[in-house]
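Enquirer: In the numbering used here, the protein residues as written are 43 to 742.
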Ligand SMILES: [Zn+2]
Ligand SMILES: [Zn+2]
Ligand SMILES: [Zn+2]
């Protein structure tokens, strides 16, 4: 090693500039902090770069554009006595540190790794006291994942190119997610809505009005399928007296839930704040890496946001208990700290996502945070404080009211003690006060409130329910939920309609091919086992090479088989139509573009005519085609008849990709504000309609 002039005692390398800024505040002039700005070394994009014959050896390169950063890090490393690698505390961070330590080894021989779960003065200084070597189990687990995903993508993508179109790609976890989204869509398409009726009676007790729901009729649970059945009941109820026959009161204790892990944070942020998983992770990372706080400078506000552990450090428990006792009072503090179970296989080395300092209330930070940061911090802070508080106690009342042979029910609830909901107001039990009724009390009928309903199909997935599915089935990991959804969206396999994730025609075709040729790879069972094996590598209980070998041979056989069968599917997309090109008279061909199907002239390249596919025959004049048009003043697009101006058919609602199941005409999609979509048939007199409602907000 060439002797260099030593300028600093210790170089600390992190992966992000904002994290570097925050750490800088805590370390003295002996330290210089620098950032790698993410990964510096990775597999090249253009080739497999895995030597299968040579024990799956990966061929790493310096990422294009990163040579300059690497060189400056090398220079700094040669000018310092020690190098500390302080990348994020998970396998991705460990892998970055490993690559850095290899790249810098020639310039410095004192390279160590440090790890902290939160960027606070205490945590950073404690970490510096305990430098360690790179944890090769973590690195191996990350590498195995990278190699596996590279093999899957590299072999399957060309098959999709040959069968569908260039540029498409598949991924291990991503293709399973696409499969469940497509399966749900099939269920929805096959669903036949059924009519039913509900009957509420508005009753009065002195001056108080109460709503009672019909529950039983003639000794049976009620199911009113149509207007006639409803009329029969209404007829029976004529002149009947409404009498209270039973009142039941029950005390209910509701315990708080655990502080956040990644999946639950993403679910609540999606349900309550309308954030996509990706947005949640971006904002959480800002809170973790440090925000400029007035008079304090850059400050890390939450612990590391990629975690599946609900564990909380002793110090954090002590401080939150002190906070609860002083801010809320003794009755809000349980005798012993609340304990929470981890999901099986969770990495207990981490902590839950919590504020780094519980005394920094959301309110106190309001001026320093963006609106998005504030809302997410408030979610994390409230969940953490409430998780160490006493249960909410409410009284549930159930009143049975009889009228003739009908049984109505009134349910009420009253909060006796608010407990943990004092800190997490969004989780309060709703109040439905019921007056003090007793058996024999008579209630006066104000009016009947019958309502027609239609059964709705299972809801489409949204960010929250997809993350929940991935987690509960054991497929997702804290680092993969958000990228999985983002990738499907970026490749145009799914689109967002409000909160709903809707597969595109392209997504459905890709999924069909994947299912046909790679069914075992797409099996949830197989994917779960794969994830478990990858976790075992991380715990040093399994060997990367064995895992890759076990995977590779059967997978390659599937790939080879798919390649032999490739001819079968050729040209499924370049379908000739009966439509004629108005420029040259040749037939038009239906083609799949990046954003769905379009029509192109078969005379290409001599004739370059292309246009959108007509969406169907106009329901008004019966001869024109419905086509998409853009409004001149840039107010978005609308749909109109090609016979305009002689036919004035016009709608702003988007046509659905599938036709009306009843008459084959066009289905239009109307957005229901905050609730989902209504699909209705455009043809007069058909009457087909179905509601695709958003997944209900679920309590976590
Ligand atoms: Zn043409
Ligand atoms: Zn028309
Ligand atoms: Zn119809």
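Idealized CB from N, CA, C, for every residue including glycine.
Specify, as a first and last residue, the run of the beta strand (DSSP E) that residue 454 falls within.
Expert: Taken as a continuous stretch (DSSP letters only), the beta strand (DSSP E) holding residue 454 covers 448-459.
Enquirer: Note down, in chain order, each residue of its chain lying with its Cβ closer than 6 angstroms to the Cβ of residue 334, except the 5 sequence neighbours on either side.
Expert: Here the set comprises 340.
Enquirer: Which residue's Cα is closest to the Cα of residue 217: 533, 472, 87, 470?
Expert: The option with the nearest alpha carbon to residue 217 is 533.
Enquirer: According to DSSP, is residue 361 helix, strand or coil?
Expert: In the structure shown, residue 361 sits in a helix (DSSP, three-state: H, G or I).
Enquirer: Spell out the partners DSSP gives residue 340 in its beta bridges.
Expert: BP columns for residue 340 point to 334.
Enquirer: Near ligand 4, which residues have their beta-carbon closer than 6 angstroms to a heavy atom?
Expert: Looking at this structure, you won't find ligand 4 anywhere; what it does contain is ligand 1, ligand 2 and ligand 3.
Enquirer: Within the region 76-127, note down every full alpha helix (DSSP H) run reaching 4 residues or more, in order along the chain.
Expert: DSSP runs (the alpha helix (DSSP H)) wholly in the region 76-127: 109-120.
Enquirer: Using only the alpha-carbon positions, how far apart do residue 734 and residue 700 sit?
Expert: Answer to the nearest angstrom: the Cα atoms are 14 angstroms apart.
Enquirer: Take residue 688 and list the residues in its own chain whose beta-carbon comes closer than 8 angstroms to its own, dropping the five residues that flank it on each side.
Expert: The residues are 663.
Enquirer: Please find out if some non-hydrogen atom of ligand 2 comes closer than 8 angstroms to the beta-carbon of residue 665.
Expert: Yes, the Cβ of residue 665 comes within 8 angstroms of a heavy atom of ligand 2.
Enquirer: Beta carbon of residue 298, beta carbon of residue 461: below 9 angstroms?
Expert: For residue 298 and residue 461, yes; Cβs fall inside 9 angstroms.
Enquirer: DSSP on residue 172, reduced to helix/strand/coil?
Expert: Residue 172 falls in the coil class under three-state DSSP.
Enquirer: Below 7 angstroms CB to CB, which residues in the same chain sit around residue 695 once its five sequence neighbours on both sides are set aside?
Expert: Excluding residues within five positions, the ones whose Cβ falls inside 7 angstroms are 710, 711, 712.
Enquirer: Under 6 angstroms from any heavy atom of ligand 1, by CB: list those residues in chain order, please.
Expert: Chain-ordered list of matching residues: 623, 625, 626, 628, 643, 645, 649, 651.
Enquirer: At a threshold of 8 angstroms, does residue 224 count as lining ligand 2 (C-beta to nearest heavy atom)?
Expert: Residue 224 Cβ: outside cutoff for every heavy atom of ligand 2.
Enquirer: Assign residue 256 to buried or exposed, taking buried as 16 or more other Cβ atoms, counted over all protein chains shown, within 10 Å of its Cβ.
Expert: With 16 or more Cβ atoms within 10 Å of its Cβ, residue 256 is classed as buried.
Enquirer: How many whole angstroms separate the CB atoms of residue 668 and residue 681, which I take to be in contact at a CB cut-off of 8 angstroms?
Expert: So it is a contact: roughly 5 angstroms between Cβ atoms.
Enquirer: Do you know offhand how far residue 584's Cα is from residue 577's?
Expert: C-alpha separation (whole angstroms): 9 angstroms.
Enquirer: Is the Cβ-Cβ distance between residue 490 and residue 198 less than 9 angstroms?
Expert: Against a cut-off of 9 angstroms, the Cβ pair of residue 198 and residue 490 comes out as no contact.
Enquirer: Expressed to the nearest angstrom, what Euclidean distance is found between the alpha-carbon atoms of residue 622 and residue 646?
Expert: Computed Cα separation, rounded: 13 angstroms.
Enquirer: Following a CB-centred definition, is residue 662 positioned closer than 8 angstroms to any heavy atom of ligand 2?
Expert: True, at least one ligand heavy atom lies under 8 angstroms from that Cβ.
Enquirer: What did DSSP end up calling residue 184 once you bin it into helix, strand or coil?
Expert: Three-state DSSP puts residue 184 in a helix.
Enquirer: Please give the ranges of any alpha helix (DSSP H) in the region 207-285, keeping only runs that are unbroken, at least 4 residues long and fully inside the region.
Expert: Qualifying alpha helix (DSSP H) stretches, in chain order: 214-232, 269-279.
Enquirer: Shortest alpha-carbon distance to residue 242 belongs to which of 493, 457, 135, 154?
Expert: The residue with the shortest Cα to Cα distance from residue 242 is 493.
Enquirer: Cβ-heavy atom distance between residue 448 and ligand 2 below 8 angstroms?
Expert: It does not: the Cβ of residue 448 is nowhere closer than 8 angstroms to a heavy atom of ligand 2.
Enquirer: Considering only residues of the same chain and omitting the five flanking positions on each side of residue 43, which have a CB-CB separation below 6 angstroms?
Expert: In this prediction, residue 43 has a pLDDT of 49, which is less than 50 and means its spatial position is unreliable; what the coordinates show is noted afterwards. Same-chain partners within the cutoff: there are none.
Enquirer: First and last residue of the alpha helix (DSSP H) that includes residue 592?
Expert: It spans 586-606 - the alpha helix (DSSP H) in which residue 592 sits, taken as one unbroken run.
Enquirer: Once DSSP output is grouped into helix, strand and coil, what is the label at residue 792?
Expert: The question about residue 792 has no answer here: the residues shown for the chain are numbered 43 through 742.
Enquirer: Check residue 718 in the structure and name its three-state DSSP category.
Expert: Reduced to three states, the DSSP call for residue 718 is strand.
Enquirer: Which residues bound the beta strand (DSSP E) around residue 51?
Expert: Unbroken beta strand (DSSP E) run through residue 51: 50-56.
Enquirer: Looking at residue 681 and ligand 2, is the gap between the Cβ and the nearest heavy atom below 8 angstroms?
Expert: For ligand 2, not one heavy atom lies less than 8 angstroms from the Cβ of residue 681.
Enquirer: Do three or more CB pairs link the region 245-259 to the region 465-484 at distances below 8 angstroms?
Expert: The region 245-259 vs the region 465-484: in contact.
Enquirer: Any idea if residue 541 is buried or exposed, counting beta-carbon neighbours within 10 angstroms, 16 or more meaning buried?
Expert: Buried: at least 16 other Cβ atoms inside 10 Å.
Enquirer: Using the Cβ count rule (16 or more neighbours within 10 Å means buried), how would you classify residue 313?
Expert: Its Cβ being crowded by 16 or more others within 10 Å, residue 313 is buried.
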